[in-house]
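Step one of this worksheet: look at the structure below.
There are 2 protein chains.
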Amino acid sequence: MTTITEVAQHAGVSVKTVSRVMNNYEHISPKTRDKVRRAMEDLSYAPSSIARQMRMGDSQSIGMLYGDPSGGYQSRLNHAVLKACSDARRYLAVELFEESNPEWRRQVEAFLDRTKVQNLILVPPMCDSAELHMLLQERGIRTVLISPSRQISGSSSIAMDDRLAAFEMTKYFIDLGHNRIGHICGHPGHVASLLRRQGYEEALKNAGIDIDEALILGAGSFFFKDALACAEKMLRMEDRPTAIFAANDEMAAAVIMMANRIGIQVPEDLSVAGFDNTAISQTMWPELTTVAQPFGEIAREAVRLVSDNVKRDLSVSATRVLPHEILYRGSTGPAPEN
Amino acid sequence: MTTITEVAQHAGVSVKTVSRVMNNYEHISPKTRDKVRRAMEDLSYAPSSIARQMRMGDSQSIGMLYGDPSGGYQSRLNHAVLKACSDARRYLAVELFEESNPEWRRQVEAFLDRTKVQNLILVPPMCDSAELHMLLQERGIRTVLISPSRQISGSSSIAMDDRLAAFEMTKYFIDLGHNRIGHICGHPGHVASLLRRQGYEEALKNAGIDIDEALILGAGSFFFKDALACAEKMLRMEDRPTAIFAANDEMAAAVIMMANRIGIQVPEDLSVAGFDNTAISQTMWPELTTVAQPFGEIAREAVRLVSDNVKRDLSVSATRVLPHEILYRGSTGPAPEN
DNA sequence: TTGTATGCGTTATCAA
DNA sequence: TTGATAACGCATACAA
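Residue numbers (numbering that gives the first Met the number 0), protein chains in the order written: chain G, 0 to 337; chain X, 0 to 337.
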């Protein structure tokens with residue numbers, strides 16, 4: 000293993016100078032800088048993060064509080080962040096967080112003490128807990144939020160354009176000839192539910208289709224189980240929709256499952272689309288047309304922002320919106336002739 | 000933060016003595032030991048793992064190589080290990096591993112260099128790669144294997160009893176009055192497929208039911224997609240089975256999906272059971288009867304074995320078998336009258 | 001603009 | 001059985 004001392008000797012300078020180059024110090028002559036850079040390359044030098052942490056006192060690890068991993072969204076996001084950290088050569092310390100647990104404060108504090116992380120990535124629904132933010136602010140922990148329901152002053156956040164994606168998906172249905180299009184809303188507490196519904200409604204309005212409140216049902220959550228009842232209700236309607244756009248993949252799966260049970264063919268009699276592109280969208284048949292969350296990009300950006308956080312002015316909070324993609328698969332097709 | 004020096008002063012001994020007590024040194028008088036222990040308690044001293052790593056050169060982190068996380072099994076296992084490490088206050092460094100990637104050697108070596116981990120947890124299918132084990136052995140990396148297809152000398156392993164679980168599940172079908180019971184096998188390269196099939200066949204023999212080779216189909220993988228064809232073939236048989244036991248949940252999901260499409264009622268006309276208790280088993284309707292892998296216990300045991308590894312004699316390799324549970328849910332019922 | 005010397009908290013060497 | 005002191009690799013106060 001190469002050390003800073005060896006680099007210094009190889010470059011014919013002092014260790015301090017090497018340190019300066021590594022940390023992008025201001026006052027340094029270009030000549031010395033190049034010399035040092037070359038020496039680092041020659042010796043394929045990599046600074047020891049351990050020693051650095053030792054000296055600096057704080058951990059360089061990134062922390063993440065994550066929720067119930069049984070949901071496909073959490074699961075994909077966790078893996079994406081794990082991979083992004085790995086690629087960025089950063090450690091990730093994770094802790095399961097349940098706000099329903101009355102001990103959560105103590106748990107989070109223990110996590111912080113143990114890991115000494117200064118930077119946290121927060122995903123839904125944790126990123127919307129006011130109490131959690133208070134606690135973190137008290138302790139001076141910086142946070143990066145993924146798809147929060149509202150901005151938190153001092154925290155950067157990353158999101159996709161839920162409204163636009165829902166608009167596009169609905170428009171796709173309309174272009175296929177559908178005009179009775181149902182929507183199953185997700186958890187009312189999360190802004191994504193609202194935005195997706197807005198996108199859906201705007202697309203209808205835009206096409207001159209009247210909004211039929213009977214075709215908009217709220218499951219009260221993002222869960223498969225809760226969506227089953229909505230699906231049954233909608234599919235047993237006298238004049239049932241020819242297409243249903245669910246606010247996430249698990250709920251779309253519930254629609255397909257119910258349609259199959261009732262004997263409605265997908266996509267011949269009914270088109271179904273979801274949102275998120277989680278695992279379940281490909282473990283059904285036909286496969287689900289859905290909106291692909293840019294999980295990889297979101298995670299990479301989060302890690303990048305965490306790294307920037309150190310230098311960033313905390314009074315400013317940036318928000319990045321990342322592009323999504325619509326995946327056209329087998330669960331959608333032209334509206335039935337009638 | 001309390002340091003070792005403060006503890007030494009408080010106890011009236013040298014730092015080295017405190018260090019000795021912490022690391023359970025042999026030659027130390029019980030009196031001094033107690034004195035130091037008390038001092039550590041009084042000051043609620045916790046040794047700095049950073050400084051320790053700095054001194055020792057190696058990382059205390061546990062490493063894990065994981066495969067394609069889109070499968071429910073990998074996903075659950077990853078989370079379980081993450082949680083177990085967190086509970087045991089150990090860091091986990093993870094890396095995505097794909098043996099199909101021709102660069103995998105370099106990738107693993109880079110991971111090892113970067114993280115300096117000495118202990119690795121290996122899950123299927125990585126735990127069965129002879130080449131990977133060679134590489135790790137060369138570098139002196141100790142491993143703990145989860146559900147490997149074969150033992151590796153010097154590595155501990157943890158597994159559940161696949162054969163027994165499959166036996167029990169099949170017996171459950173028989174007790175429900177089924178006598179035409181189909182089986183969909185998983186990836187032939189993994190021993191779990193074989194064991195599950197053996198358990199299935201033994202239960203049949205045990206009940207005096209002849210084994211009908213036509214009712215045993217191999218999907219060639221553990222994937223939903225590949226199981227669809229098997230399911231269709233089996234369900235379109237003239238004398239189709241009244242129950243199907245699939246070697247994992249995703250394949251069971253394919254059976255249910257296909258049954259619904261064909262118009263076969265589950266569980267009235269057809270009982271279906273899976274294996275693993277992954278997320279998909281509860282995002283279908285009816286919910287899937289399945290074998291619950293003891294993910295949590297497996298992960299905890301793995302972390303425990305990794306911690307023991309340091310002291311363990313590497314010429315001995317232990318294997319732990321952990322108890323499973325069968326979850327009876329809505330997808331199974333009595334055999335149809337007829 | 002650059003270099004020297006010191007310390008972060010721990011373990012190891014060697015001597016007592 | 002114990003203790004003084006040197007390392008581990010890096011960053012910084014201070015000096016030049």
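Heads up, the beta-carbon is just placed ideally off N, CA and C, and yes, glycines get one too.
Simplified DSSP assignment, three categories, for residue i
i        : result
X/Phe274 : coil
X/Glu94  : strand
G/Phe294 : helix
G/Ala245 : strand
G/Met236 : coil
X/Ile210 : coil
X/Leu66  : Rather than Leu, the amino acid found at residue 66 of chain X in this sequence is Gly. Residue state, collapsed to three classes: coil.
G/Gly329 : coil
G/Gly198 : helix
G/Thr16  : helix
G/His182 : strand
X/Met125 : helix
X/Asn205 : helix
X/Ile263 : coil
G/Met53  : helix
G/Ser133 : Strictly speaking, residue 133 of chain G in this sequence is Met, with Ser absent from that position. It is helical.
X/Leu111 : helix
G/Arg162 : helix
Cutoff 9 Å: residue i Cβ touching any chain X Cβ
i        : result
G/Val35  : no
G/Met159 : no
G/Arg113 : yes
G/Leu119 : no
G/Ile49  : yes
G/Ala252 : yes
G/Gly139 : no
G/Ser74  : yes
G/Phe110 : yes
G/Ser270 : no
Short CB-CB distance (under 9 Å) between residue i and chain G
i        : result
X/Gly329 : no
X/Pro46  : no
X/Glu249 : yes
X/Ser156 : no
X/Gly71  : yes
X/Ser18  : no
X/Ser43  : no
Partners in chain X for residue i, counting only beta-carbon separations shorter than 9 Å
i        : result
G/Thr100 : Note on residue identity: the sequence assigns Asn, not Thr, to residue 100 of chain G. Per Cβ cutoff of 9 Å: no residues; G/Asn100 is ~14 Å from chain X at best.
Contacts of residue i in chain G (Cβ-Cβ under 9 Å)
i        : result
X/Met256 : Ile255, Met256, Asn259, Thr282, Met283 and Trp284
Proximal residues of chain G, C-beta to C-beta of residue i below 8 Å
i        : result
X/Ser146 : By Cβ distance, chain G contributes nothing, its closest Cβ being about 20 Å from X/Ser146, past 8 Å.
X/Gln52  : Ile49
CB contact flag (residue i, residue j, <9 Å)
i        : j        : result
X/Gly273 : X/Ala252 : yes
G/Ser146 : G/Ala158 : yes
X/Ser280 : G/Ala278 : no
G/Ala92  : G/Gly62  : yes
G/Lys115 : G/Ser58  : yes
G/Phe221 : G/Met168 : no
X/Arg284 : G/Leu227 : For the sequence presented, residue 284 of chain X should be read as Trp rather than Arg. It is a contact, given that the beta carbons lie within the stated cut-off.
G/Gly332 : G/Pro266 : yes
G/Ile120 : G/Leu64  : yes
X/Leu134 : X/Glu108 : yes
X/Gly219 : X/Asp161 : no
Amino acids of chain G, ordered along the chain, whose beta-carbon sits closer than 7 Å to that of residue i
i        : result
X/Pro68  : His78
X/Ser128 : None at all; the shortest Cβ gap to chain G is about 20 Å.
X/Ile279 : Ile279 and Thr282
X/Ser220 : Correct list: empty, because the minimum Cβ distance to chain G is about 13 Å.
X/Lys30  : Neighbours of X/Lys30 on chain G: none; closest Cβ ~32 Å, over 7 Å.
X/Leu81  : Val93
Residues that residue i contacts on chain X, provided the C-beta gap is smaller than 7 Å
i        : result
G/Ser306 : Result: empty, since nearest Cβ-Cβ is about 16 Å, beyond 7 Å.
Partners in chain X for residue i, counting only beta-carbon separations shorter than 8 Å
i        : result
G/Gly262 : Gly262
Distance cut-off 8 Å: residue i Cβ against heavy atoms of the ligand MN
i        : result
X/Thr289 : Of the ligands one can find in the structure shown there are none, so the ligand MN has no counterpart to examine.
Near-chain G residues of the region 84–100 of chain X (beta-carbon distance less than 7 Å), N- to C-terminal order:
The region 84–100 of chain X vs chain G, Cβ under 7 Å: Ser85, Arg88, Tyr90, Ala92, Val93, Glu94 and Leu95.
Interface residues of the region 190–208 of chain X facing chain G [CB-CB below 7 Å]:
Within the region 190–208 of chain X, no residue has a Cβ that lies closer than 7 Å to any Cβ of chain G.
Give, in chain order, every residue of the region 161–184 of chain G whose Cβ lies closer than 9 Å to some Cβ of chain X.
Going along the region 161–184 of chain G in chain order, one finds no residue with a Cβ nearer than 9 Å to chain X.
Counting only Cβ-Cβ distances shorter than 9 Å, please list the residues of the region 223–239 of chain G near chain X, keeping chain order.
Taking 9 Å as the Cβ-Cβ cut-off against chain X, the residues of the region 223–239 of chain G that qualify are Phe223, Lys224 and Leu227.
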